[in-house]
Amino acid sequence: MPLNQQDKRRYKTIGHHLKPVLIFGGNGLTETFIEELNGRLEDHELIKVRVNAENRDDRAAIVDALCEAGKAELVQRIGNIALLYRAAKKPNPKLSNILRAQQG
Numbered sequence: 004m005p006l007n008q009q010d011k012r013r014y015k016t017i018g019h020h021l022k023p024v025l026i027f028g029g030n031g032l033t034e035t036f037i038e039e040l041n042g043r044l045e046d047h048e049l050i051k052v053r054v055n056a057e058n059r060d061d062r063a064a065i066v067d068a069l070c071e072a073g074k075a076e077l078v079q080r081i082g083n084i085a086l087l088y089r090a091a092k093k094p095n096p097k098l099s100n101i102l103r104a105q106q107g
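Using my numbering, you'd call the opening residue of the sequence shown number 4 and step up by one each time.
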């Protein structure tokens with residue numbers, strides 16, 4: 004389900020202070036990276052990923068592949084940082100960036 008503008012704006016606000024939890028490098032989209040991506044999305048719901056690529060088109064293609072592999076929604080992409088969101092099946096209030104932001 005695509006995110007509406009109101010949700011995207013709220014997630015951008017939450018994600019502004021987050022640090023990248025994954026760095027996509029030269030090894031490509033390996034099974035290990037996909038497992039790590041899925042684990043981080045399940046734990047935190049909203050994450051930043053740094054994409055190290057040569058040019059803008061390559062970064063855009065990698066971000067699209069990450070969204071598809073992680074079944075995540077792209078909230079925002081600025082430069083080589085992508086903010087991804089996927090709702091957790093059982094959100095953990097101590098780990099979920101969304102729930103922690105709601106608690107204040």
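C-beta: ideal position from N, C-alpha, C; glycine also.
Per-residue DSSP class, three states only, for residue i
i: LYS15; result: helix
i: LEU40; result: helix
i: ALA32; result: The identity of residue 32 in the sequence shown is Leu, whereas the question assumes Ala. In this structure, LEU32 counts as coil in the three-state DSSP scheme.
i: ARG59; result: helix
i: GLU48; result: coil
i: LEU86; result: strand
i: LEU69; result: helix
i: LEU21; result: coil
i: LEU6; result: coil
Exposure label - residue i; buried when at least 16 CB within 10 Å
i: HIS20; result: exposed
i: ILE50; result: buried
i: LEU48; result: Reading the sequence as shown, one finds Glu at residue 48 and not Leu. Buried, by the Cβ-count rule.
i: ASN55; result: exposed
i: ILE65; result: buried
Integer Cβ distance of residue i from residue j, believed to fall under 8 Å
i: LEU69; j: VAL52; result: 6 Å
i: LYS74; j: ARG89; result: 6 Å
i: LEU25; j: ARG43; result: 6 Å
i: PRO5; j: ILE84; result: That belief does not hold up - the Cβ atoms of PRO5 and ILE84 are roughly 21 Å apart, past 8 Å.
i: ALA91; j: GLU45; result: 5 Å
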